[in-house]
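Working notes, beginning with the structure itself.
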Amino acid sequence: MYNSKIVGLGKYLPDNIVTNKDLENKIDTSNEWIVERTGIKERRHIVKGDGNTTASMGAKAAKIALENANMSAYEIDLILFATLSPDYYMPGSGVFVQNILNIPTCPAMDIRNACSGFVYGVATADQFIKTGMYKNILVIGSETQSGAIDMTTRGRDIAVIFGDGAGAAVVSRNESKESGILSSHLHSQGEHVDSLVMKAPNTNKWVTEIVNENNPEDSSYYPYMNGKMVFKNAVLRFEEVINEGLIYNNLQTEDIDLLIPHQANLRISQFIQRKLNLRDDQVYNNIMRYGNTTAASIPIALTEAWEEGRLSEGNILVLAAFGAGFSWGSTIIKW
Ligand code: UT7
1 MYNSKIVGLG KYLPDNIVTN KDLENKIDTS NEWIVERTGI KERRHIVKGD GNTTASMGAK
61 AAKIALENAN MSAYEIDLIL FATLSPDYYM PGSGVFVQNI LNIPTCPAMD IRNACSGFVY
121 GVATADQFIK TGMYKNILVI GSETQSGAID MTTRGRDIAV IFGDGAGAAV VSRNESKESG
181 ILSSHLHSQG EHVDSLVMKA PNTNKWVTEI VNENNPEDSS YYPYMNGKMV FKNAVLRFEE
241 VINEGLIYNN LQTEDIDLLI PHQANLRISQ FIQRKLNLRD DQVYNNIMRY GNTTAASIPI
301 ALTEAWEEGR LSEGNILVLA AFGAGFSWGS TIIKW
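If you read the sequence shown in our numbering, its first letter stands for residue 1, the second for the next number, and so on.
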């Protein structure tokens, strides 16, 4: 059985910074409320016409990841694209990246596990490499949330949290058994589908109907979140799934050199840190600058941590995510 490892990382954030003050001018909210409840100070939003889409941002992050891996796009055997905000309903966003990067005929598939999408992607890549089927896999997380946000007071809980951006990793076969992806642990719980959801368009309500109805009261095509329910489940599942990974690998919380939690809310990260008794330097957070970029949040944070020199050979890195579905997961890596 082969082993896999992350050999290149990249990120892309749109230039347009949206501060809490900017939001104060649009909706009934305040910088104090946002900072106190979420830790977020600013986020990025694409600007219509700036050329950015979910797929193009993903391709930009992927290009950097390939450069950092010292690899050409032709060497990629599989593209895994995690997003909840694809360019089109069909086809998926992975094939757009394939087209932008001029990769001829490798398979490309999308992963629709919202905030957990990148962890699901890394786990999938690891399995394809472990079986020997593929050698080099691009795992991308990219989101354009800004287009589907209800910028009225009705949608303010969502509007202040979410941001746009992309991150990517090249996962490759690793000849050494001493380092690489040690294990991944994935879960979902469908009974909570309604707690974090965007209900339209759907199989019973096509886009044409929504357009024809033109009903401003209808908020079903905006994301809905039962914030308290999500928060309560997130803190529980994050702790559980991180411990599951540690126990599986015979590791203790003291062995964690860096935990990169999905950047959902700074209070959630701080809660997990306290529950696991981790020092500040063991947990990476950048939600203050980018907001919650769902599937992109972990690869953006991972790239930034790596750029800052926070990862050294032999370090134990833990990735953990929780989000819509609910679905959650962790990946334990020896860097
Ligand atoms: O990526 C994974 C998915 N998302 C998450 O993990 C998010 C999990 N949940 C959360 O982060 C928090 O629940 C929120 C940040 C969304 C909300 O914080 P909260 O402390 O749970 O606030 P709340 O929903 O209980 O709302 C408290 C008050 C309400 O007013 P009343 O009813 O007390 O008068 C809300 O209407 O705050 C109000 N509120 C706001 N006020 C100012 C809600 N959103 C805002 C806002 N600005 N943006």
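For glycine and all other residues, C-beta sits at the position ideal for the given N, C-alpha and C.
Paired residues, beta bridge with residue i - DSSP
i	result
Leu-101	Leu-101 pairs with nothing; no bridge assigned.
Pro-261	Ala-320
Met-109	Leu-80
Trp-328	His-187 and Phe-322
Asn-334	Just to set this straight, residue 334 is Lys in the shown sequence, not Asn. Gly-180 and Ile-316, per the DSSP bridge assignment.
Leu-338	Given a span of 1 to 335 for the chain in the structure shown, any question on residue 338 remains unanswerable.
Ala-225	The sequence given here has Met at residue 225, not Ala. DSSP lists Leu-196 as partners of Met-225.
Glu-337	A query on residue 337 cannot be resolved here, the shown segment of the chain reaching from 1 to 335 and no further.
Val-139	Leu-80 and Ala-169
Asn-174	Asn-3
Phe-162	Asn-292
Which of helix, strand or coil DSSP assigns to residue i
i	result
Ile-76	coil
Ile-27	coil
Thr-293	coil
Trp-206	coil
Arg-310	coil
Val-283	strand
Pro-216	coil
Leu-246	helix
Presumed contact (8 Å Cβ cut-off) between residue i and residue j, rounded CB distance
i	j	result
Val-171	Ala-108	Actually they are not in contact, since the Cβ atoms of Val-171 and Ala-108 sit about 15 Å apart, beyond 8 Å.
Leu-23	Val-160	6 Å
Leu-101	Ala-61	Incorrect: roughly 11 Å between the Cβ atoms, too far for contact.
Ile-137	Leu-78	5 Å
_Given 8 Å, three or more beta-carbon pairs between the stretch 124-143 and the stretch 31-46_ = no
*Between the stretch 41-60 and the stretch 12-32, do at least 3 Cβ pairs fall closer than 8 Å?*
Contact between the stretch 41-60 and the stretch 12-32 is present: three or more C-beta pairs spanning the two stretches fall below 8 Å.
_Three-pair Cβ contact test at 8 Å for the stretch 149-161 versus the stretch 183-194_ = no
_Using 8 Å as the cut-off, can you tell me whether the stretch 251-266 makes contact with the stretch 312-332, which would need three or more C-beta pairs spanning the two stretches below that distance?_
yes
*Are at least three pairs of beta-carbons, each pair with one atom in the stretch 172-179 and one in the stretch 86-94, less than 8 Å apart?*
no
*Taking three-plus beta-carbon pairs below 8 Å as touching, is the stretch 244-252 in contact with the stretch 298-315?*
no
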